[in-house]
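Beneath this line is the structure, given in structure tokens, with notes to follow.
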Amino acid sequence: MKRYSIGLILGLVMMFSAAAFAARVGDPAPDFTATDSNGKAQKLSDYKGKFVVLEWTNQGCPYTRKHYESGNMQKLQKEWTQKGVVWFTVVSSAPGAQGYVTAEQENAYVKKVNAAPTAVLLDPKGDLGHMFAAKTTPHMFIIDPSGKLIYNGAIDDHPTTDVSDIPGSVNYVSQALEQAIAGKPVAEAATRPYGCSVKYAD
């Protein structure tokens, strides 16, 4: 009985510690260093003073393909990076899992679809994904110039794989950036992400 109680307590402590560690809207975003697909170390703190978007992706996910095959994701990347926003695409699929890519494979894909993120961060161990509690592809996060997380959730309000839904959708990422850049509070700072589950190792 005593052993069971100790195990239960340890389990609860680990659960609450993980929950406390995950990034939450309104809190400082956890600093991170991750290697991009060109072998460069990208550190969040190096971009203090800028808005930063994190976009979790998976080439094989139909929800991801919806936004890339339509050109919607590339359009967003180009629009906002041209305005000085840093945009990191993140791949957290584990080796052997669906969606895993090598740096060479990801760079070839980025070129093929004419994507325009600032960089693609490769996260095969899932460290960055777990840090932000990324659940789906896509799953979007926005960090403001002070380093605070101001958005966590879906890319838009149409959780489907249907490309025809895009024109009539509210794009939460653009909406949040527009409001924040204008000095206004983000009206919908947390929404439910939709898509394929992130294929972590554990």
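All the letters of the sequence shown, read from the start, carry residue numbers 3 to 204 under our numbering. Note that beta-carbon positions come from the ideal geometry of N, C-alpha and C, so glycine has one too. The model shown is predicted, which means the values in this text are computed figures rather than measured ones.
With respect to S95, K201 sits close: the two C-beta atoms are nearer than 8 Å. Here G131 is buried, its C-beta having at least 16 other C-beta atoms within 10 Å. Of the residues T139, P64, L78, P97, the one whose Cα lies closest to the Cα of Q177 is L78.
By the neighbour-count definition (other C-beta atoms within 10 Å, threshold 16), Q100 is an exposed residue.
Straight-line measurement puts the Cα of Q181 at about 23 Å from the Cα of A136.
Counted as a single uninterrupted DSSP element, the stretch harbouring A184 is not any beta strand (DSSP E), since DSSP gives it neither H nor E. Look at F134 here: in three-state DSSP terms it is helix. The stretch 154-164 makes no contact with the stretch 104-112; the number of CB pairs closer than 8 Å stays below 3. In terms of Cβ geometry, N74 and I168 form a close pair [threshold 8 Å]. Note that the C-beta distance between V172 and D159 is below 8 Å. Close CB contacts of K52 within its chain, under the 8 Å cut and outside five residues either way in sequence, are with G86, V87, V88, P147 (chain order). Within the same chain, and ignoring the five residues on either side of A121 in sequence, the residues whose Cβ sits closer than 8 Å to its Cβ are D38, S39, N40, K42, Q44, F90, T91. Under the DSSP assignment, Q84 falls outside any beta strand (DSSP E); it carries neither an H nor an E label. The alpha-carbon separation between P32 and D129 amounts to approximately 12 Å. Annotated three-state conformation of P30 is strand, per DSSP. A Cβ-Cβ distance of about 7 Å is found for the pair Q76 and V115, placing them in contact under the 8 Å criterion. As the crow flies, the alpha-carbon of W82 is around 14 Å from that of F143. Around Y65, the same chain offers T139, P140, T163, Y196, G197, C198 as residues with beta carbons nearer than 7 Å, after the five sequence neighbours per side are excluded. Around the C-beta of P126, 16 or more other C-beta atoms lie within 10 Å, and the residue is accordingly described as buried. Only residues of its own chain outside the window of five on either side were considered, and among them M75, P140, I157 have a CB closer than 7 Å to the CB of H69, listed in chain order. Inclusion of F134 and A25 in the CB contact set at 8 Å is warranted, their separation being smaller than that value.
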